[in-house]
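Notes for the one structure printed next.
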Amino acid sequence: QKEVEQDPGPLSVPEGAIVSLNCTYSNSAFQYFMWYRQYSRKGPELLMYTYSSGNKEDGRFTAQVDKSSKYISLFIRDSQPSDSATYLCAMKGAFNTDKLIFGTGTRLQVFP
Amino acid sequence: KAGVTQTPRYLIKTRGQQVTLSCSPISGHRSVSWYQQTPGQGLQFLFEYFSETQRNKGNFPGRFSGRQFSNSRSEMNVSTLELGDSALYLCASSYRELQETQYFGPGTRLLVL
Numbered sequence: 045q046k047e048v049e050q051d052p053g054p055l056s057v058p059e060g061a062i063v064s065l066n067c068t069y070s071n072s073a074f075q076y077f078m079w080y081r082q083y084s085r086k087g088p089e090l091l092m093y094t095y096s097s098g099n100k101e102d103g104r105f106t107a108q109v110d111k112s113s114k115y116i117s118l119f120i121r122d123s124q125p126s127d128s129a130t131y132l133c134a135m136k137g138a139f140n141t142d143k144l145i146f147g148t149g150t151r152l153q154v155f156p
Numbered sequence: 004k005a006g007v008t009q010t011p012r013y014l015i016k017t018r019g020q021q022v023t024l025s026c027s028p029i030s031g032h033r034s035v036s037w038y039q040q041t042p043g044q045g046l047q048f049l050f051e052y053f054s055e056t057q058r059n060k061g062n063f064p065g066r067f068s069g070r071q072f073s074n075s076r077s078e079m080n081v082s083t084l085e086l087g088d089s090a091l092y093l094c095a096s097s098y099r100e101l102q103e104t105q106y107f108g109p110g111t112r113l114l115v116l
């Protein structure tokens, strides 16, 4: 079993829809939770960063962390065709020596 | 501020050859991490350099090695290439070692024939 599980998709939604992307994890030591967006032929771009449990909002994006369920989510409101990309969750423990562990990514397509 | 740059962007090699990839971090960042990305395995951590020292290493064979220079630029070397080494190699930089917020370059796409 992988430490971080993420549905690969693809997820196809119409423009304007609310998108929910999720990851589950098994390591209770994870304290930092990130979402990266990766466009085709590009490197991942940091989208959201959360420490411990709770919600964080940035424009159309909301990240949620539920440590009791070992479950994190990224919500995209009013999705746009420009949101079409692969979304990667990533997690890390509290220590400097802890590595970032990535999910395999969910491919999202927003059609006009 | 300029982002992370990687050279070359594309590379074709044959089995048995070796390859060197280069990464220039964001100015002021002292940590460089390398990742291998494949469709089946996703992003996998190779190693991380901070202040010219390897601080952490993933589960890759010794054919994968790296180094960091005093200006924080880093190189990654893969010797005796195998077909399975075909992947997108990404480097990421951060101010501190293995910082949770890392900034990625565009990657080097390596094809081994």
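Residue numbers (the numbering used here), protein chains in the order written: chain A, 45 to 156; chain B, 4 to 116. Even glycine gets a Cβ: it sits at the ideal position worked out from N, Cα and C. All values derive from a computational prediction rather than experimental measurement.
Item: Positions along the region 66 to 97 of chain A whose CB lies within less than 9 Å of some CB in chain B; Value: Q75, Y76, F77, M78, Y80, Q82, R85, K86, G87, P88, E89, L90, Y93 and Y95
Item: From A:S56, A:K46 and A:D51, residue whose alpha carbon lies closest to that of A:P125; Value: A:S56
Item: Enclosing beta strand (DSSP E) for A:E89 [first to last residue]; Value: E89 to Y95
Item: Burial state of A:P52 (16 or more Cβ within 10 Å); Value: exposed
Item: Per-residue contacts from B:L93 into chain A (C-beta, under 8 Å); Value: G87 and P88
Item: In DSSP terms, what B:D88 is bridged to; Value: In the DSSP output, where bridge partners are listed per residue, B:D88 has none listed.
Item: Among A:F146, A:L152 and A:R151, nearest to A:S70 - alpha-carbon criterion; Value: A:F146
Item: Sufficient close CB pairs (3 or more, under 8 Å) joining the region 129 to 142 of chain A to the region 72 to 80 of chain A; Value: yes
Item: Cross-chain neighbours of B:P109 in chain A, by beta carbon under 9 Å; Value: R85, K86 and G87
Item: Pick from B:E55, B:G61, B:S36 and B:K16 that is closest to B:V7, judged by C-alpha positions; Value: B:S36
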